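Chemist:
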Amino acid sequence: MKAVVSACLLGEPCRYDGRSKPSTAVRELMKGLQAQAVCPECAGGLPVPRCPAERVGDRVITANGADVTREYLAGATACVELARANNATLAVLKAKSPACGVGLVYDGTHSRRLVSGNGIFAELLEREGICMVTEETVESCKPSVEHPIAIVLGTGLGHLRSLVHAVRRIDYHDIDDFPESARPIPGHDFEVTIGTVDGVPVVVYPGRIHLYQGYTASEVTALVRHAHRLGCRVIVFACATGAIPGNAHTGLGIITDHINLTGANPLVGDDNLRGVETPFVSMAEAYSRYLRTLARGVADDLGIAVEEGVYAGVLGPSFETPAEVRMLAGMGVSYVGMSTVCEVIEAQALGMNVLGLTLAANYAGEGQVSHQSVVEEASRHASDFESLVRGVLRLL
C-alpha cells in the first residue's frame, strides 16, 4: 500500500519555525506502507524558517501581509504529481496547516481560531480521490493496552477468536444490559476474549444477538457500550450477508455505508442514551474512510479478493424475496444482512471509529439458503478473513 505523508510528521525540520512535529503513531504506520514524505511549502520554494502563513479565503497570507498563494499552489501541485506517480491511496497530513489541513484550518487572523476547510494541498488531493487524514486520526486509531481494538464477529466468523493470546475472558451475561436469557445461535459464542493478536491489544466478541430474536436495539448494542467502557476507540464489525446480484459477488467485502431498514435505532428514548451526549448523531462517515482504505490496501497487497459496497440492514429472520432484492438493487445496495446497523449507530454516538467487513455467503433471493449453509461458506473464507483482519491490526 502506498501513501504520502507530511514530512514534518516524520521528524523533518521543514515547518515555518524550522522545527518538525513528529508523530510516533504516524512513524509506526509508515513502516508498514510504501510512503513518500512531502512538504508543499518547501516544494514551492519557500525557505525554512519562514514567516507563518494562514488561509484567507482562496489566498495564503503570511503574518506580515505577504501573499504566498503562488508558492503554496506550485508546491502543492508538485506534491500531488508525486502522489499520482506513486499511485498513493492514502495521505497523512499535518492538521490545521494552510497546505495540509483536512477539515479544519486556521482562519487567517493568526489568533489560532479554526474554520472549516482544507489546505491548498489537501484540496488538490481530494480532487484525486485520495483518502486524507491528519495525524490526529492516526493517533486516535492506534491500539494500546488502554485502547484495544474491539472486534465483533458474526455468523460463522467466530474462529478469529482462536488467534487471540488471551489474558482474560468475560461471559456476555456479565455485561451490563446484555439479556440474561440470551443464548447463542449456531455460529456464535457468548464469551468475550481479551488479549492480543500478533501483539496488538484486542477485545473479541465472537457472537451477537439480533433484533429478529426479539431483543431491543438497546440490548443488541450492549457489546458496543461494553467495548467503549473498556477504552476501545476502534471497533470492527464483521457480519455474514447476502450479495445483491449485479451489485456484488459472494466473498469478502468492505462496507462503505449502510441503509437502516430494521425499523429500530438504539438512540430512541432517553433511557437508551447511556454515555451518549446527544441522540442527534451525524452518520456522514459511519464507516471510517481511513480504516476502509487500510483494509483495501491490505487486501490488495495480500492478493485477497475484496469488494466494497453499501450494506442494508433488515429485521429478518426470513431471507429476502426476489422482489425485495430487486428493490435493494435499485437502491444501490451491495449486501443485505440482519445485524450491524444498530451497532454502528451506537458506535458513532460514542465517538468510535468503525470498520465494517462482511462475508457474502450467498446471492440474496436465489436458491435454497439456510443458516447452516452460511456457516459452511464462512469456513471456506476463514483464511482470507483472518489474513485481512490481522493485516489491518498490524498497520494500526
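Counting in my numbering, the sequence shown runs from 10 upward without gaps.
Beta carbons are placed, not taken as given, at the ideal position from N, Cα and C, and that holds for glycine.
Here the structure is a predicted model, which means the values were calculated and not measured.
Under the rule that 16 or more other beta-carbon atoms within 10 Å means buried, what is Leu397, buried or exposed?
Modeler: buried
Chemist: Return yes when the Cβ of Leu368 is within less than 9 Å of the Cβ of Ile263, no when it is not.
Modeler: The answer is no: Cβ separation not under 9 Å.
Chemist: Less than 8 Å between the CB atoms is what I'm expecting for Gly346 and Thr265, so what's the real figure, rounded?
Modeler: Their Cβ separation, rounded to whole angstroms, is 14 Å, which puts Gly346 and Thr265 out of contact at 8 Å.
Chemist: Mapping DSSP to helix, strand and coil, what is Ala373?
Modeler: coil
Chemist: Ignore the nearest five residues each way along the sequence and tell me which others in Val69's own chain have a CB closer than 6 Å to its CB.
Modeler: Ala62, Val77, Thr78, Tyr81 and Pro107
Chemist: Straight-line CA distance for Ala231 to His197?
Modeler: 16 Å
Chemist: Compare the Cα-Cα distances from Ile139 to each of Ile354, Leu303 and Glu333 and report the closest residue.
Modeler: Leu303
Chemist: Give a yes or no on whether the C-beta atoms belonging to Ala252 and Tyr181 are separated by under 9 Å.
Modeler: 9 Å or more divides the Cβ of Ala252 from the Cβ of Tyr181.
Chemist: Would you decide whether Pro56 is buried or exposed? Buried here means 16 or more other CB atoms lie within 10 Å of its CB.
Modeler: An exposed status is given to Pro56, since fewer than 16 other beta-carbon atoms sit within 10 Å of its beta-carbon.
Chemist: Would you kindly work out how many angstroms separate the C-alpha atoms of Thr287 and His156, rounded to a whole number?
Modeler: 23 Å
Chemist: Quick one: what does DSSP say Asp266 is sitting in, helix, strand or coil?
Modeler: strand
Chemist: Going by the beta-carbon positions, is the gap between Pro275 and Glu189 smaller than 9 Å?
Modeler: no
Chemist: State the start and end residues of the unbroken alpha helix (DSSP H) segment that holds Gly126.
Modeler: For Gly126, no alpha helix (DSSP H) run applies, since DSSP gives it neither H nor E.
Chemist: Spatial neighbours of Gly163 within its chain, please: C-beta separation below 7 Å, excluding the five flanking residues on both sides.
Modeler: Cβ contact annotation for Gly163 (same chain, cutoff 7 Å, sequence separation greater than five): Arg217, Ala247, Cys248, Ala249 and Ser348, in chain order.
Chemist: For Thr271, does the three-state DSSP call read helix, strand or coil?
Modeler: coil
Chemist: Does DSSP put Tyr296 in a helix, in a strand, or in coil?
Modeler: coil
Chemist: Does the segment 89-102 touch the segment 35-55, meaning 3 or more C-beta pairs lie closer than 8 Å?
Modeler: yes
Chemist: Would you mind reading off the limits of the alpha helix (DSSP H) that contains Gln357?
Modeler: Taken as a continuous stretch (DSSP letters only), the alpha helix (DSSP H) holding Gln357 covers Val350 to Ala358.
Chemist: On the DSSP bridge assignment, give the partners of Tyr344 in chain order.
Modeler: DSSP links Tyr344 through a beta bridge to Ala252 and Tyr320.
Chemist: Runs of 4 residues minimum, wholly inside the segment 68-135: which ones carry the alpha helix (DSSP H) assignment?
Modeler: 78-94
Chemist: Are the Cβ atoms of Leu324 and Ala391 separated by less than 9 Å?
Modeler: no
Chemist: Kindly indicate which three-state DSSP category Thr164 falls into: helix, strand or coil?
Modeler: coil
Chemist: Out of Thr225, Ile203 and Ala295, which one is the CA nearest neighbour of Leu239?
Modeler: Ile203
Chemist: Entirely within the segment 166-202 and at least 4 residues each: give me those alpha helix (DSSP H) ranges in chain order.
Modeler: As far as the segment 166-202 is concerned, it has no whole alpha helix (DSSP H) run of at least 4 residues.
Chemist: For Gln357, count the other beta carbons within 10 Å of its own beta carbon; 16 or more makes it buried, fewer makes it exposed. Which is it?
Modeler: buried
Chemist: Alpha helix (DSSP H) containing Arg64: first to last residue?
Modeler: No alpha helix (DSSP H) holds Arg64; the beta strand (DSSP E) holding it covers Ala62 to Val65.
Chemist: What would DSSP say about Phe394, mapped onto helix, strand or coil?
Modeler: helix
Chemist: Output needed for Leu172: all residues of its chain with C-beta closer than 6 Å, excluding positions within five of it in sequence on either side, in chain order.
Modeler: Cβ-Cβ distances below 6 Å link Leu172 to Val206 in the same chain, with the five nearest sequence neighbours on each side left out; the list follows chain order.
Chemist: For the alpha helix (DSSP H) that Ala34 lies in, which residues bound it at each end?
Modeler: Thr33 to Lys40
Chemist: May I ask you to list the residues that DSSP assigns as paired with Cys140?
Modeler: Leu99
Chemist: With C-beta atoms as the reference, is Val363 less than 9 Å away from Gly322?
Modeler: Against a cut-off of 9 Å, the Cβ pair of Gly322 and Val363 comes out as no contact.
Chemist: Determine the contact status of Ala16 and Ser29, defining contact as a CB-CB distance below 9 Å.
Modeler: yes
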